[in-house]
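Residue numbers (UniProt numbering), protein chains in the order written: chain A, 1 to 196; chain B, 1 to 468. Report on one structure; see the data block that follows.
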Amino acid sequence: MSKETFHVLTSTAVPLPIENIDTDQIIPARFLKATTREGFGDNLFRDWRFTADNEPIQDFVLNNSRYAGAEILVAGKNFGMGSSREHAAWAIHDYGFRVVVSSFFADIFRNNALNTFVLPVQVSQPFLEALLSAVEQDSTLQIVVDLPAQTISFGERSETFAINTYKKTCLMNGYDDIDYLLSLNADIREFDQAHA
Amino acid sequence: MNTQPTTLFDKIWDAHVVKHAEGHPDALFIDRHFIHEVTSPQAFDGLRKRGISVFNTSRTTATADHNVPTKDQHLPIREALSRHQVDTLRRNCAEFGVELYDLGHPFQGIVHIIGPELGLTLPGMTIVCGDSHTSTHGAFGNVAFGIGTSEVEQVLATQCILQYKPKRMRISIDGTLANGVTAKDIILYIISKISASGATGYFVEYAGETIRNLSMEARMTICNMSIEMGARGGLIAPDDTTFDYIKGREFAPKGEAFDEAVAKWRSLKTDDEATFDTELHYKAEDIQPMITYGTNPGMGIGIGEHVPLLTEIPDTEHVSYSKSLAYMGLEPGMELRNKAVDYVFIGSCTNARIEDLRTVAQFVQGKQKAPGVEVWIVPGSVQVARQAQAEGLTDVFASAGFELREPGCSACLGMNEDKIPAGKYCISTSNRNFEGRQGPGARTFLASPIMAAAAAVSGRVMDVRELL
Ligand code: SF4
């Protein structure tokens with residue numbers, strides 16, 4: 001339902017060099033009880049961010065004030081594995097991230113992110129490692145994610161990333177899939193009746 | 001029609017494409033849509049905001065499963081947020097005219113258990129649900145996969161979703177399984193071989209003699225965990241085992257219509273010459289009873305093996321590996337045999353069907369649970385619970401000291417009241433051992449129902465083959 005758009009984002013980034021981050025880490029199941037899309041950001045990475053007594057865990061990166069305000073999350077490979085809960089993408093978006101960078105994304109998460117206007121940027125493993133160590137060294141490092149050009153750049157380095165043209169158009173113009181599907185209504189009705 | 005040799009997956013997919021446009025994902029028609037309380041409320045809100053109705057209510061079925069208590073289901077749900085979510089599902093289903101199998105209804109249960117047992121899940125269909133284990137339904141020879149809430153809204157609004165076609169993988173298993181080795185071990189074995197992301201981007205067909213010889217319920221266990229290796233879904237070509245299972249089920253075609261359907265379903269198979277993007281072969285004889293030691297389902301070993309040493313893990317994975325073992329409180333190189341467990345959970349859409357309960361009952365008959373171990377047995381549906389009662393399984397569980405609960409997802413995910421406490425070990429027949437999956441700090445060993453039963457009576461992880 002989001003009507004925002006995405007073109008070029010310049011922002012600092014948060015490094016999270018952990019592989020196979022699953023959706024139960026991104027948003028634990030006990031926080032899936034809401035019936036709206038808002039507010040999930042408070043519980044993003046809940047069990048890594050807070051102790052059982054709700055005390056912030058100091059050495060977790062989201063509690064490090066140097067990285068406050070970053071709109072890019074950089075994570076280890078195979079990000080978003082596990083459940084189909086779109087709440088994981090909502091939590092990332094609600095927290096304030098607009099881009100997740102990794103060297104590999106789980107399928108359902110990728111779809112859910114795109115449907116939530118969070119851009120998954122898949123880069124090569126060497127680029128990912130370089131980016132992680134750069135942001136670990138310098139939390140003020142500016143990273144540029146250019147959707148029209150399909151590039152991600154920092155310092156001297158730049159890499160192109162893939163995205164299908166359809167989803168690119170949707171993100172740049174704020175369209176969602178339902179708008180397109182609703183335009184096929186007559187064809188779908190016919191198909192439905194033929195397959196009753 | 002395509003005369004090229006084609007895979008079963010392609011046949012079903014292609015037959016459901018309403019519109020294919022260059023550069024666009026396919027608009028794929030969905031025959032059957034299942035919804036539950038957790039991933040549907042925001043989708044119904046979306047319909048309301050757009051002022052549209054459900055496209056075809058006869059194609060959507062709802063149940064309440066993830067968030068429900070498994071005790072005293074006849075009483076109002078105690079926990080306010082859970083109650084609100086289930087109430088919201090009730091209101092939405094009433095307002096939009098969707099059939100709901102609510103708490104107390106004889107058809108209620110875990111969504112992936114009730115679809116097949118009601119005959120709503122049939123060969124050749126496209127099936128989706130806002131839940132990744134929708135892959136379970138693929139055991140009947142259909143294209144079934146999990147979707148996010150925006151996609152649930154798309155299906156409610158248009159009976160279609162937009163999808164790019166995944167690649168195709170075939171995994172063949174031949175040979176005979178040893179005594180004590182089950183479908184759960186087959187799938188845990190495959191995932192341990194190809195990793196938790198090894199099938200990302202693929203739709204998997206399971207084939208071979210070993211698969212052919214499995215019951216429908218065992219096939220569902222395999223397809224259920226396809227997502228655990230990253231696959232969109234998994235399927236098995238239908239055969240007489242499939243048709244016999246479907247015959248006579250509540251919503252299955254009846255009489256002549258059934259015979260006609262079977263005649264059509266018989267054509268649902270991969271052509272001999274069809275090619276896959278990836279083909280893998282395994283031997284049933286190589287599979288032992290499996291158990292996981294880590295925090296993703298790819299971290300599994302045969303019960304006779306040891307937890308991998310750091311030297312057996314690629315350098316780049318050392319950090320994640322050590323973090324995972326630290327969470328589990330385990331050391332590299334140790335065996336899991338004889339490791340004490342605190343909880344045993346027999347349930348979930350992977351292993352809470354009647355055959356699973358029968359296997360467990362047969363094993364524990366005349367035995368007692370070990371002192372100090374909590375054993376929860378949670379049937380997947382009201383129908384499974386009633387059947388277990390009728391067959392006397394319930395009495396076996398009660399005299400063994402097991403706690404029999406009411407149907408729901410229960411301790412498969414730490415969302416409802418059933419949680420494993422922090423630091424405790426649980427041997428579980430469910431499908432995910434992620435950190436905190438069964439409750440904050442809970443430590444999960446995934447295994448088959450009979451391995452779980454063996455742990456229940458001995459209080460430790462056992463090699464069930466030694467007890468048979
Ligand atoms: S039993 Fe577990 S895996 Fe299955 S639908 Fe419920 S929560 Fe998901």
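Glycine included, C-beta positions come from ideal geometry on N, C-alpha and C.
Cβ pair residue i, residue j closer than 8 Å
| i | j | result |
| --- | --- | --- |
| F445(B) | Q25(A) | no |
| G230(B) | G138(B) | no |
| A400(B) | K369(B) | yes |
| Q125(A) | F105(A) | no |
| M415(B) | R30(A) | yes |
| V135(A) | L119(A) | no |
| R460(B) | K339(B) | yes |
| V14(A) | A70(A) | yes |
| V457(B) | V364(B) | yes |
| F45(A) | L62(A) | yes |
| L357(B) | V382(B) | no |
| I171(B) | V143(B) | no |
| T182(B) | I427(B) | no |
| P5(B) | D239(B) | no |
| G97(B) | T242(B) | no |
| V101(A) | I18(A) | no |
| M290(B) | N431(B) | no |
| P123(B) | L268(B) | yes |
Within-8 Å CB hit, residue i to chain A
| i | result |
| --- | --- |
| N67(B) | yes |
| T39(B) | yes |
| S172(B) | no |
| R437(B) | yes |
| A178(B) | no |
| P440(B) | yes |
| V307(B) | no |
| A422(B) | yes |
| I147(B) | yes |
| R232(B) | yes |
| L162(B) | yes |
| A352(B) | no |
| E260(B) | no |
Below-8 Å beta-carbon distance, residue i vs any chain B residue
| i | result |
| --- | --- |
| S83(A) | yes |
| D187(A) | yes |
| M1(A) | Annotation note: pLDDT 43 at M1(A) (below 50); position unreliable, no value reported. |
| L184(A) | yes |
| D59(A) | no |
| L181(A) | yes |
| Y67(A) | no |
| F127(A) | no |
| E156(A) | no |
| I178(A) | yes |
| G47(A) | Reading off the sequence shown, one finds Asp at residue 47(A), where the question assumed Gly. Closer than 8 Å to some Cβ of chain B, the Cβ of D47(A) qualifies, so yes. |
| F6(A) | no |
| F191(A) | yes |
| A91(A) | no |
| Y175(A) | no |
| N164(A) | yes |
| N78(A) | yes |
| N115(A) | yes |
Residue i CB to nearest heavy atom of the ligand COA below 7 Å
| i | result |
| --- | --- |
| C426(B) | Annotation note on the ligand COA: not contained in the displayed structure, which lists the ligand SF4 as its ligands. |
(Q) Does the segment 372 to 380 of chain B come into contact with the segment 336 to 350 of chain B, if we say contact requires no fewer than three beta-carbon pairs (one atom in each stretch) closer than 8 Å? (A) yes
Q) Does the segment 139 to 151 of chain B come within contact of the segment 111 to 125 of chain A, defined as at least 3 CB pairs closer than 8 Å? A) yes
**Q.** Contact residues within the segment 13 to 29 of chain A, judged by C-beta distance below 7 Å to chain B
**A.** I18, E19, N20, D22, D24, Q25, P28, A29
Q.
Can you confirm whether the segment 33 to 42 of chain B touches the segment 123 to 134 of chain B when touching is taken to mean that 3 or more C-beta pairs between the two stretches lie within less than 8 Å?
A. These segments touch.
Q | Against chain B: residues of the segment 28 to 43 of chain A by CB proximity under 8 Å | A | Answer in chain order: P28, A29, R30, L32, K33, A34, T35, T36, R37.
Q. Are the segment 183 to 192 of chain B and the segment 292 to 300 of chain B touching, with three or more C-beta to C-beta distances below 8 Å?
A. yes
Q | Residues of the segment 94 to 110 of chain A with Cβ closer than 7 Å to any Cβ of chain B, in chain order | A | F104, A106, D107, I108
Q) Between the segment 80 to 103 of chain B and chain A, which residues of the former have CB atoms less than 8 Å from a CB of the latter, in chain order? A) L81, S82, H84, Q85, T88
(Q) Quick check: the segment 213 to 227 of chain B against the segment 310 to 323 of chain B, are at least 3 beta-carbon pairs closer than 8 Å? (A) no
Q | Members of the segment 193 to 222 of chain B near chain A, C-beta cut-off 7 Å | A | A196, S197, T200, G201
Q) Which residues, in order along the segment 22 to 51 of chain B, keep a beta-carbon less than 8 Å from a beta-carbon of chain A? A) Correct list: G23, H24, P25, A27, F29, D31, V38, T39, P41, Q42, D45, G46, K49, R50.
Q: Tell me, please, whether the segment 59 to 69 of chain B touches the segment 36 to 47 of chain B by the rule of three or more beta-carbon pairs shorter than 8 Å.
A: yes
Q: Name, going along the chain, the residues of the segment 400 to 415 of chain B whose beta-carbon falls closer than 7 Å to a beta-carbon of chain A.
A: L413, G414, M415
(Q) Within 8 Å, do at least three Cβ pairs link the segment 157 to 168 of chain B to the segment 7 to 14 of chain B? (A) yes
Q. If contact means a Cβ-Cβ distance below 7 Å, which residues of the segment 3 to 23 of chain B contact chain A?
A. Sequence-ordered contacts of the segment 3 to 23 of chain B with chain A read V18, K19, G23 [C-beta pairs closer than 7 Å].
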